[in-house]
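Student: Got a structure for you, questions after.
In the UniProt record's numbering, the protein residues as written are 1 to 157.
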């Protein structure tokens, strides 16, 4: 998940093992790496090694600085461990909830100017996960959002 200007958040879909190991060289991840540079991927991988012993489990997420003042945050939140069809599972819910909980924890200790205030969810599970459009956002996503982010600030695209 990438956080844009003014605290906006974009969750990056994690189809396959790339996200669980911090490999950001395909799809949306590749665009993020191209924009922020390989240093971000290296820092994501180092955090995964330090916090998860090299493999970030599905259902976990963390907030990490990008090193870019315009877009200061990234939140990796994998939807699957290895490439597989996740349609009909709770993987999208688990990844979304983990991302929102990571934001909640971040906001609890962040100064007002560093809080995340809006969330934009892309097509989680849409790639090899084959999750159909109507199921890419948990039905109760706004119910699991951090209390300081109004439901009107959670968008799906």
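We treat Cβ as the ideally placed atom computed from N, Cα and C, and that holds for glycine. All values derive from a computational prediction rather than experimental measurement.
For a test of the three-state rule: what should DSSP assign to residue 118, helix, strand or coil?
Tutor: Here residue 118 refers to the residue found at position 118 of the chain shown. Here residue 118 sits in strand by DSSP.
Student: Report all residues from its chain with a CB closer than 8 Å to the CB of residue 44; omit the five preceding and five following residues, and keep chain order.
Tutor: One-based indexing of the chain shown puts residue 44 at position 44. For residue 44, where only same-chain residues beyond five positions count, the Cβ hits under 8 Å are 22, 24, 64, 74 and 76.
Student: Residue 99 and residue 125 look like a contact to me (Cβ under 8 Å); what is the Cβ gap, rounded to whole Å?
Tutor: Taking the first residue of the chain shown as position 1, residue 99 is located at position 99. Taking the first residue of the chain shown as position 1, residue 125 is located at position 125. That belief does not hold up - the Cβ atoms of residue 99 and residue 125 are roughly 13 Å apart, past 8 Å.
Student: Identify the continuous alpha helix (DSSP H) that holds residue 58 and give its terminal residues.
Tutor: In the chain shown, the residue the question calls residue 58 occupies position 58. Taken as a continuous stretch (DSSP letters only), residue 58 belongs to no alpha helix (DSSP H), as it is neither H nor E.
Student: Measuring alpha carbon to alpha carbon, tell me which residue in 131, 87, 149 and 41 is nearest residue 116.
Tutor: Here residue 116 corresponds to residue number 116 of the chain shown, with the count starting at 1. Of the candidates 131, 87, 149 and 41, the one whose C-alpha sits nearest the C-alpha of residue 116 is 149.
Student: Can you list, in chain order, the residues of its chain with a C-beta nearer than 6 Å to that of residue 40? Leave out the 5 residues immediately preceding and following it.
Tutor: In the chain shown, counting from the first residue as 1, residue 40 sits at position 40. Counting only Cβ-Cβ distances below 6 Å, and skipping sequence neighbours, we find 66.
Student: Leaving out the 5 sequence neighbours to the left and right, which residues in its chain are closer than 8 Å to residue 51 when beta-carbon positions are compared?
Tutor: Taking the first residue of the chain shown as 1, we reach residue 51 at position 51. Here the set comprises 62.
Student: Whole angstroms is fine: what's the gap from residue 108's alpha carbon to residue 86's?
Tutor: For this step, residue 108 is matched to residue 108 along the chain shown. For this step, residue 86 is matched to residue 86 along the chain shown. Each residue's alpha carbon lies about 32 Å from the other.
Student: Out of curiosity, what's the CA-to-CA distance linking residue 131 and residue 97?
Tutor: Here residue 131 refers to the residue found at position 131 when the chain shown is read from its first residue. Here residue 97 refers to the residue found at position 97 when the chain shown is read from its first residue. For residue 131 and residue 97, the distance between alpha carbons rounds to 17 Å.
Student: Could you check if residue 55 is buried or exposed, using at least 16 other CB atoms within 10 Å of its CB as the buried criterion?
Tutor: Counted from its first residue, the chain shown places residue 55 at position 55. Looking at its Cβ environment, which holds fewer than 16 other Cβ atoms inside 10 Å, residue 55 is exposed.
Student: What first and last residue would you give for the alpha helix (DSSP H) that runs through residue 36?
Tutor: Along the chain shown, one-based indexing puts residue 36 at 36. Segment 27 to 36, the alpha helix (DSSP H) holding residue 36.
Student: With a threshold of 6 Å on Cβ separation, who are the neighbours of residue 48 within its own chain once the five nearest residues in sequence on each side are excluded?
Tutor: Position 48 of the chain shown, counted from the start, is the residue given in the question as residue 48. Excluding sequence neighbours, residue 48 sits near 22 and 56.
Student: By the three-class DSSP mapping on this structure, what secondary structure does residue 45 have?
Tutor: Translated into the one-based positions of the chain shown, residue 45 becomes position 45. The answer is helix: DSSP assigns residue 45 an H, G or I state.
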